[in-house]
Amino acid sequence: MSPTLKGVLLSVAGTALFTPIFAAGKIADGAFPAVALMTMRYLGGFLTVACIVLASQTPLSVLRSPNPAQHFLRAILGTGGGVCTIHAATIIPIAYATSIGLTEGLLIVALAGLLLKERITKLHWLAGIVAAAGAYLVIVQSLNDTGEGSANVEGVLYAFLGAIFISLEVLLIKVLARREHALGVLLHVNAFGTIIVLMLSIIMIDWHTLSFSMLGPFILLGPLAILAQFFNILAFRHADAATLGPVSYSWVLFATLMGILFFNEIPTLSAILGAGLIVTGGVIASRAQPTGNTP
């Protein structure tokens with residue numbers, strides 16, 4: 054097996070593992086608020102990374118960050134993105150929420166130009182137009198799908214808000230990954246994320262009304278997220294970013310299959326076409342040649 058093919062397969066596996074995490078609200082059938090599910094995800098993730106650190110006997114001095122505030126900010130963005138995406142998928146079909154969420158790839162391009170001063174090429178603009186057309190089709194279908202207009206509007210807004218949070222988090226990861234230990238990055242975000250969601254859950258949730266026998270298994274979302282991230286890290290060791298970029302758009306395929314198989318959510322032709330345009334826009338953007346930063 055060639056290194057590139059191995060990298061692609063690892064990336065596909067990582068993407069597939071992330072799908073049930075963002076579909077957790079749907080899996081829970083709305084029994085638990087998104088904040089409770091994210092609490093279990095981050096708690097499980099922190100315990101998993103802590104066990105890995107102890108088993109590997111990695112010195113804490115190697116993992117300690119000189120920029121803890123940036124990790125804290127990343128945890129805020131990651132928590133916000135996760136809560137919004139999970140909540141969106143409980144209101145509108147998973148495939149629709151995922152398709153809207155995939156606009157994060159184009160948001161990253163736009164924000165990279167705005168915040169990191171990276172040049173935006175004509176190919177990037179074309180990708181944005183194609184993806185925007187696709188997002189429009191998915192949004193219109195989402196709003197008209199069940200006749201529950203206000204609920205669908207809420208789902209669309211949360212899906213977009215989640216995409217914004219995640220795109221900002223990705224930019225921050227790009228900055229942190231260049232200068233810090235990968236295990237340290239995982240440890241910091243899961244530790245800060247656990248603190249943030251616990252504080253939110255104390256304020257927003259009446260834990261006495263929740264069934265811990267049913268909520269408990271969702272702690273497995275943490276190890277699942279760490280494993281997905283591990284696969285993605287391995288993927289980038291075997292193939293370059295330009296090759297693996299479009300692979301992340303297989304997320305919409307896994308989300309659609311999960312919706313069909315487990316929740317009887319059959320996407321319409323219009324929604325499928327919209328998702329296809331979003332994926333096409335992402336692939337076009339990934340093929341745009343980097344031109345460096347502006348002076």
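Per the working numbering, residue 54 is the first one in the sequence shown, and the count goes up by one each step.
Built from N, CA and C at the ideal position, the CB exists for glycine as well.
The structure presented is a predicted model; accordingly, all values stated were derived computationally and were not measured.
In the pairwise beta carbon analysis, the segment 264 to 281 is classified as touching the segment 78 to 98: at least three pairs are separated by under 8 Å. If you look at residue 74, you'll find it in the alpha helix (DSSP H) that goes 56 to 75. Distance between residue 235 and residue 314, taken at the CA atoms: about 36 Å.
Taken through DSSP and simplified to helix, strand or coil, residue 85 comes out as coil. The three-state secondary structure of residue 270, taken from DSSP, is helix. Taking residue 269 as reference, the option from 182, 323, 84 with the minimal CA-CA separation is 84. Apart from sequence neighbours up to five positions away, the residues of its chain that approach residue 141 with a beta-carbon distance below 7 Å are 150, 208, 211, 212, 215, ordered along the chain. Shown here for residue 74: same chain residues with a beta carbon closer than 7 Å to its own, the five before and five after excluded, namely 94, 274, 277, 278 in chain order. No residue range can be given for residue 292, since it is assigned to no alpha helix (DSSP H) and is classified by DSSP as neither H nor E.
Each of 250, 237, 192, 146 was checked against the Cα of residue 111, and the nearest Cα belongs to 237.
The three-state reading of DSSP puts residue 118 in coil, since its state is none of H, G, I, E or B. In terms of CA proximity to residue 245, 118 leads the group 82, 69, 118. Residues of the same chain with a CB within less than 8 Å of the CB of residue 196, apart from the 5 flanking positions on each side, are 202, 205, 206, 209 in chain order. The beta carbon of residue 303 sits closer than 7 Å to those of 65, 68, all from its chain and outside the five residues before and after it, given in chain order. Distance from residue 328 to residue 305 at the Cβ level is roughly 5 Å; contact confirmed, criterion being Cβ atoms closer than 8 Å.
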